[in-house]
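Residue numbers (the working numbering): 17 to 467.
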């Protein structure tokens, strides 16, 4: 029997501060053994898992612990080394592996790390699968241990990056080139520090890579999709046509137009959706976003008879809704863009190439193409709390939320949620600017007072 409450998995895999539960080598070892038990089939063939990672120092430790877990349960392990999360998802399916593993804490700083799992189809696991694996993690592994002659083997796969580069390039229209475009790409000192500049250069662009020298401790540090100010400065400095900012595992992207303006995921989704609707490429004239997406996007798409469905935060929930409704485009304001014609999860490089294809085809600047809708005023504040009881259950916080909702009434919307990847409460309000600051501030104050 499994509980409905997860002990290890959050919104996007298992994540936490390295060497602090649950993100320890011991947890990784047990996860490897449990996932092997869950994914092994009954036939006699060799079973394989592929493992990628970003550039965090702790990746070596977790990689070795996972490898020990998988091989002890009789699975062979193919090690990719530093590679984007979407590359692991794609190559899991391409190489016919039984499962894929990505070691990353995505946009978090190097002190954190995490583990994401992909099934043989390249999709992230659903809640039920994660619950079953958690139950196996806490069980006795004795019977699952392989006999000495059946212990798995581990090997490095040297061409994983080259394979992914070719896969990504193949998503760009064959009749197009990026010749004449100057592009600044911020690699966040993360998993795509080699493949991102390579893809853009091989497609013909003049590429200026920044933050592409990882040292194990500088991933996402004042750079990348979570901190694109430096990208904006470099775009202006080099008079570039576009700036591309990736996060640590390159599953999200934020762009910067030639004027230095930051372009978030909502605008990118809107630009692609409108272009694809016009070209007859948007499946069912429907896209999927999350509760965080701006009301302005929804209103603009409605003018063009494009339906927008919202899910809870997390790109895997977006993907689940896309699959259920046969949509081929979805994503998050934060920059997770899922294009299911090409990928099973958010892929920063593929999304960026689809936007670049619009620039090339329309022969217009990024500022013209990517200014799709007028944003409704929106305020988002994050309040960090010490690990322990979630402050959302505190009576004072619940009262503050109720009062803020009463203030906004039908003049806006309020969203207060706990992050699934770190001890942070996210408070977002949207609508009438005269009311937003007061509503958000009173909730944030109540949360801080619970500490």
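Built from N, CA and C at the ideal position, the CB exists for glycine as well.
Pairwise C-alpha distance: residue j and residue i
i           : j           : result
residue 50  : residue 99  : 24 angstroms
residue 254 : residue 167 : 54 angstroms
residue 515 : residue 441 : In the structure as shown, the chain begins at 17 and stops at 467. Residue 515 is therefore absent and cannot be evaluated.
residue 465 : residue 36  : 26 angstroms
residue 17  : residue 374 : Below a pLDDT of 50, predicted positions are generally treated as unreliable, and residue 17, at 35, falls in that range; the measurement from the model is reported next regardless. Residue 17 and residue 374: Cα-Cα distance of roughly 50 angstroms.
residue 134 : residue 454 : 42 angstroms
residue 338 : residue 93  : 31 angstroms
residue 343 : residue 419 : 38 angstroms
residue 82  : residue 203 : 26 angstroms
residue 66  : residue 196 : 38 angstroms
residue 117 : residue 264 : 16 angstroms
residue 207 : residue 177 : 10 angstroms
residue 73  : residue 410 : 37 angstroms
residue 388 : residue 42  : 48 angstroms
residue 95  : residue 71  : 14 angstroms
residue 138 : residue 214 : 24 angstroms
residue 173 : residue 319 : 49 angstroms
residue 447 : residue 279 : 20 angstroms
residue 346 : residue 231 : 33 angstroms
residue 457 : residue 422 : 15 angstroms
residue 175 : residue 105 : 16 angstroms
residue 281 : residue 79  : 31 angstroms
residue 164 : residue 52  : 16 angstroms
residue 61  : residue 145 : 23 angstroms
residue 401 : residue 407 : 8 angstroms
residue 427 : residue 140 : 37 angstroms
residue 210 : residue 228 : 7 angstroms
residue 152 : residue 54  : 8 angstroms
residue 84  : residue 47  : 10 angstroms
residue 451 : residue 156 : 55 angstroms
residue 19  : residue 113 : Residue confidence for residue 19 is low, a pLDDT of 43 falling below 50, so the modelled location carries little weight; the figure read from the coordinates is stated next. If you take the alpha carbons of residue 19 and residue 113, they lie about 29 angstroms apart.
residue 429 : residue 193 : 43 angstroms
residue 439 : residue 269 : 23 angstroms
residue 272 : residue 123 : 18 angstroms
residue 297 : residue 45  : 44 angstroms
residue 248 : residue 226 : 12 angstroms
residue 119 : residue 91  : 18 angstroms
Nearest residue (CA-CA) to residue i, options the options
i           : options               : result
residue 385 : 257, 182 and 326      : 257
residue 136 : 348, 121, 169 and 56  : 56
residue 191 : 377, 212 and 308      : 377
residue 276 : 292, 179, 259 and 269 : 259
residue 335 : 195, 183 and 362      : 362
residue 431 : 328, 348 and 379      : 328
residue 355 : 68, 114, 184 and 178  : 184
residue 461 : 417, 231 and 330      : 417
residue 21  : 197, 380, 149 and 176 : 149
residue 246 : 200, 290 and 211      : 200
residue 188 : 369, 290 and 123      : 369
residue 285 : 295, 350 and 340      : 350
residue 159 : 89, 295, 113 and 23   : 89
residue 397 : 379, 406, 463 and 299 : 463
residue 147 : 77, 27 and 86         : 27
residue 240 : 125, 105 and 321      : 125
residue 305 : 283, 297 and 436      : 283
residue 312 : 359, 390 and 243      : 390
residue 111 : 63, 227 and 414       : 63
residue 434 : 24, 452, 415 and 405  : 405
residue 182 : 115, 222, 366 and 121 : 366
residue 317 : 115, 359, 294 and 341 : 294
residue 383 : 393, 392, 371 and 394 : 371
residue 1   : 216, 399, 34 and 459  : Any answer about residue 1 is impossible in this case: the structure gives the chain only from 17 up to 467.
residue 75  : 25, 169, 233 and 395  : 233
residue 224 : 242, 143 and 198      : 198
Residues bridged to residue i [DSSP beta-bridge criterion]
i           : result
residue 272 : 259 and 278
residue 493 : Residue coverage of the chain in this structure runs from 17 to 467, which leaves residue 493 outside it and unanswerable.
residue 335 : Bridge partners of residue 335: none, in fact.
residue 202 : 226 and 261
residue 442 : 398 and 433
residue 345 : 355
residue 447 : 428
8 angstroms contact criterion, which residue i and residue j should meet: CB distance rounded
i           : j           : result
residue 180 : residue 252 : Not confirmed; about 31 angstroms, so no contact.
residue 29  : residue 132 : 4 angstroms
residue 102 : residue 267 : 6 angstroms
residue 302 : residue 325 : 7 angstroms
residue 186 : residue 262 : With a Cβ gap of about 19 angstroms, residue 186 and residue 262 do not count as contacting.
residue 494 : residue 128 : Residue 494 is absent from the structure shown; the chain starts at 17 and stops at 467.
Self-check item: Those runs of the beta strand (DSSP E) which lie wholly inside the segment 25-87 and span at least 3 residues
Solution: 30-33 and 63-69
Quiz prompt | 3 or more residues per run - each beta strand (DSSP E) lying fully within the segment 219-265 | solution = 222-226 and 258-262
Quiz item: Counting only runs that start and end within the segment 90-174, where is the alpha helix (DSSP H) found for 4 or more residues in a row?
Solution: 101-110 and 143-153
Quiz item: Going along the chain, which unbroken runs of the beta strand (DSSP E) with 3 or more residues stay wholly within the segment 350-430?
Solution: Runs of the beta strand (DSSP E) inside the segment 350-430: 353-355 and 394-400.
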